[in-house]
Amino acid sequence: MKTTITGKNIELTQGLKDAVEERFKKLDKYFNKDTEAIVTLDVEKGRQKIEVTIPMKGSYLRAEEVTSDMYASIEAVTNTLEAQLKKHRNKIIDKKQSDSRVIFAQDFIEEKVGEEESIQIIRKKTFDMKPMYAEDACLEMEMLGHDFFMFRNADTDEINVVYKRKNGAYGLIEPEF
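Take 1 as the starting number for the sequence shown in the working numbering and just add one per residue.
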């Protein structure tokens with residue numbers, strides 16, 4: 001696996017680059033040689049943060065960790081990525097071995113935002129909405145480490161959202177227009 005390392009508010013020393021390369025070697029068994037990991041090291045107010053994005057076949061693997069030491073952040077993020085990869089691999093194996101499907105909770109609790117709170121959007125993202133099944137959207141959400149995932153449902157051709165509930169189950173939101 002190839003790594004592209006960039007730094008924000010930090011001088012990228014050879015020691016940091018070597019630490020990233022060394023820790024990422026243990027992830028090589030999961031990827032082709034051509035796969036490129038995009039690694040960003042960031043220091044802000046004493047917080048040592050590392051963000052990693054790895055494009056995969058039709059999806060992305062993403063993780064970030066923040067500690068008070070950059071080397072600890074590097075170790076933590078590789079552990080997180082490896083855990084995500086193992087979990088994803090096991091889900092694929094389980095899905096192939098048993099034809100069971102992920103059960104989606106049908107209830108959705110809408111939380112109201114207080115009128116006194118001002119809402120501030122601090123980040124905007126755009127991405128392609130390829131058709132996929134709800135089970136695949138759950139796997140994608142888990143791979144990204146997110147709590148929800150928006151996708152175009154291959155069954156209905158509508159925009160849906162899957163989300164992870166506090167009890168560990170999944171929810172599916174199917175909006176009506």
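Ideal placement from N, C-alpha and C gives every residue a C-beta, glycine not left out. Every value quoted in this text rests on a predicted model; they were computed, and no experiment measured them.
Legend entry - L16 classed as buried or exposed, judged by whether at least 16 other C-beta atoms fall within 10 angstroms: buried
Inset, instruction - Give the DSSP-derived three-state secondary structure of Y71 in the structure shown. - result: helix
Legend entry - Beta-carbon contacts of L81 that lie in its chain and below 7 Å, excluding the five residues immediately before and after: L27, V52, L61 and A63
Inset, instruction - Report the residue from E21, T13, I10 and E11 whose alpha carbon sits nearest the alpha carbon of T4. - result: E21
Inset, instruction - Identify every residue that forms a DSSP beta bridge with Q48. - result: V43 and T67
Legend entry - Own chain residues within Cβ distance below 7 Å of E218, not counting five before or after: With the chain covering only 1 through 177, there is no way to say anything about residue 218.
Inset, instruction - Note down, in chain order, each residue of its chain lying with its Cβ closer than 6 Å to the Cβ of L41, except the 5 sequence neighbours on either side. - result: G7, I10 and I50
Legend entry - 8 Å Cβ cutoff met for K164 and M141: yes
Inset, instruction - Use the C-beta contact count for A83: other C-beta atoms within 10 angstroms, 16 or more gives buried, fewer gives exposed. - result: exposed
Legend entry - 8 Å CB neighbourhood of T156 in its chain, flanking five on each side removed: E174
Inset, instruction - Using DSSP bridges, identify the partner residues of P131. - result: R152
Legend entry - N- and C-terminal bounds of the beta strand (DSSP E) containing G171: Y170 to I173 is the span of the beta strand (DSSP E), which, as asked, contains G171.
Legend entry - Sequence-distant residues of its chain with Cβ nearer than 7 Å to L144 (five each side left out): Y60 and R62
Legend entry - Cβ-based burial, T126 [other Cβ within 10 Å; buried from 16]: exposed
Legend entry - Under 8 Å between C-beta atoms of K130 and R152: yes
Legend entry - 8 Å Cβ cutoff met for V66 and R47: Their beta carbons are under 8 Å apart, which means V66 touches R47 by this criterion.
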